[in-house]
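Trainee: Under my numbering, read the sequence shown as residues 37 to 277, first letter to last. Sharing a structure here in structure tokens format.
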Amino acid sequence: MQGYRGRMAKKGGPVQLQAEINTNEDWQKMLTEKKGLVVVEVYSGWCGPCVAISGNLKKMKLDNQSEFFHLAMAKSDEIEELKRFRNKSEPVWMIIGNGKLVTVMFGTNAPKIIKVVEKEFQEELKVMKGELERPEKSFTTMTPEEEMKLKRDENARKDIEMKEAAELLERSNKYRMRSLDRVSKLLTLRSLLLIFPNAKLPTGECPVLVELLTQLESILCTVLWQDEELQLTEHNLHKVR
């Protein structure tokens, strides 16, 4: 694997705008050596980094020309402090100030990300001058931004599940009603109709039965006898013949 790489040592040689972090050693070295603000893209090896946003950040670094503004991309696969970001495809942007976690951002909204980075860079310069203090944040603990995102994602997941459940119930009811419509048309002058337990909802309600009774009334059929529950056995089977 490639190790930690920063600015090239040869005078007049090319400058690497974005350091590559692949191991715990690379990660700790970056936290120790990079003074000022570091914007780290955290990604999983299977999907790779976000090229589009990285291009915007590299342009920002070229325009900035500050020795206290750095870019890096960290592959979370083998970095312990970044393990909660493994196996995820959504771009993660971690802002670090003098080795301390500042904030975490998600997504590909370039204008928003650039705006936050510019703001945090100016604040980091104030921190370095002793004009501002930042609260301590752990790299292994979710930030408030992450908790908010997790809550939004969970709510979105629940909404999708509820929608899918409602659609499934609607399709099931339509299927049941088509079956019941056929049954009602085939009934003789006196018939016995058994409705099995799987027609009931988890709540115990049986909307299909209600609808069937409505249909029977519409064709002038009368329900002579109705039992809520009947346990069929070989001894009482003759009663329903």
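Where is the CB? At the ideal position from N, CA and C, for every residue including glycine.
#1: Contact between the segment 153-163 and the segment 126-134: three or more CB pairs below 8 Å?
#2: Since E56 sits in a beta bridge, which residues does DSSP pair it with?
#3: I believe I57 touches A110 by the beta-carbon criterion, under 8 Å. Please report the beta-carbon distance rounded to the nearest angstrom.
#4: For a minimum of 4 consecutive residues, which ranges assigned as the alpha helix (DSSP H) are wholly contained in the segment 136-164?
#5: Does the beta carbon of T269 fall short of 7 Å from some heavy atom of the ligand ADP?
#6: Check G133 in the structure and name its three-state DSSP category.
#7: Please state whether the Cβ-Cβ distance between K136 and E169 is less than 8 Å.
#8: On the criterion of 16 or more Cβ atoms from any shown chain inside 10 Å, does K70 qualify as buried, or is it exposed?
#9: Taking Cβ positions, are T144 and A201 nearer each other than 8 Å?
#10: Report yes or no: is there a C-beta of chain D within less than 8 Å of the C-beta of G91?
#11: Within the continuous beta strand (DSSP E) that includes L73, where are the two ends?
#12: Compute the distance between the beta-carbons of K94 and Q54, then report whether it is under 8 Å.
Mentor: The answer reads as follows:
#1: yes
#2: M109
#3: 4 Å
#4: 146-164
#5: For the ligand ADP, the structure offers nothing, since it holds no ligand at all.
#6: strand
#7: no
#8: buried
#9: no
#10: You won't find chain D in this structure, because it holds only one protein chain.
#11: 73-79
#12: yes
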